[in-house]
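*Asks:* The letter at position 1 of the sequence shown is residue 1 when you use full-length UniProt numbering, and the numbering goes up by one with no holes.
Idealized CB from N, CA, C, for every residue including glycine.
I'd like to ask you about the structure that follows.
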Amino acid sequence: MLSLGKIDHIHVKVSDIPKAIAWYERVLNMVPDTRYHQMNDAPHGVTMLANQSGSVRIALSETSVPNDDSGTIAFVVSGQDFLEWIDQLAGERVANREGLTIARDSVADHGFFCAISFVDPHGNPFEIISYDHTWLAGKLKFKARV
Numbered sequence: 001m002l003s004l005g006k007i008d009h010i011h012v013k014v015s016d017i018p019k020a021i022a023w024y025e026r027v028l029n030m031v032p033d034t035r036y037h038q039m040n041d042a043p044h045g046v047t048m049l050a051n052q053s054g055s056v057r058i059a060l061s062e063t064s065v066p067n068d069d070s071g072t073i074a075f076v077v078s079g080q081d082f083l084e085w086i087d088q089l090a091g092e093r094v095a096n097r098e099g100l101t102i103a104r105d106s107v108a109d110h111g112f113f114c115a116i117s118f119v120d121p122h123g124n125p126f127e128i129i130s131y132d133h134t135w136l137a138g139k140l141k142f143k144a145r146v
């Protein structure tokens, strides 16, 4: 039976490529992947970004069409990294869909995993998720579920 290996990349529409590159580099530590430089001027003009290990790639394409909110991109991290990502997003004053700046009280407790949701400056929705729920519940002091 055929099986998918992993996600190669995710396409994200933005209104300004240089501003988007600066935001993704500053906030998510993703930089242009020079192996894909020939795609920058291709008919569909894609700028490929990657994390340091190359395990996550986002293909930015410029458009004047507003974000259609077609889906959320979710990344999974360890519990310790989850806490560090909250601090990183808060330090960069990244906002959630309601326009509120991310903080530790922005974490959604889903019972067996935790999530922090935010948007890039172009309205594209993201989540950072951790399945280290028990450990995070102790650190973040979630209110008891009824």
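According to DSSP, is Arg97 part of a helix, a strand, or is it coil?
*Replies:* Arg97: coil per DSSP, three-state reduction.
*Asks:* Report back the beta-carbon spacing between Leu83 and Lys139 to the nearest angstrom; my notes put them in contact at under 8 Å.
*Replies:* 6 Å between Cβ atoms; contact.
*Asks:* Using 10 angstroms around the beta-carbon of Met1, count the other beta-carbons present and answer buried if the total reaches 16, otherwise exposed.
*Replies:* Exposed: under 16 other Cβ atoms inside 10 Å.
*Asks:* Tell me whether residue 161 sits in a helix, a strand or coil according to DSSP, three-state version.
*Replies:* Residue 161 cannot be examined here, being either before or after the span of the chain that is shown, 1 to 146.
*Asks:* DSSP on Glu84, reduced to helix/strand/coil?
*Replies:* Helix.
*Asks:* Is the region 45-60 touching the region 103-116, taking contact as three or more C-beta pairs under 8 Å?
*Replies:* The region 45-60 is not in contact with the region 103-116.
*Asks:* Helix, strand or coil for Phe142, going by three-state DSSP, please let me know.
*Replies:* Phe142 falls in the coil class under three-state DSSP.
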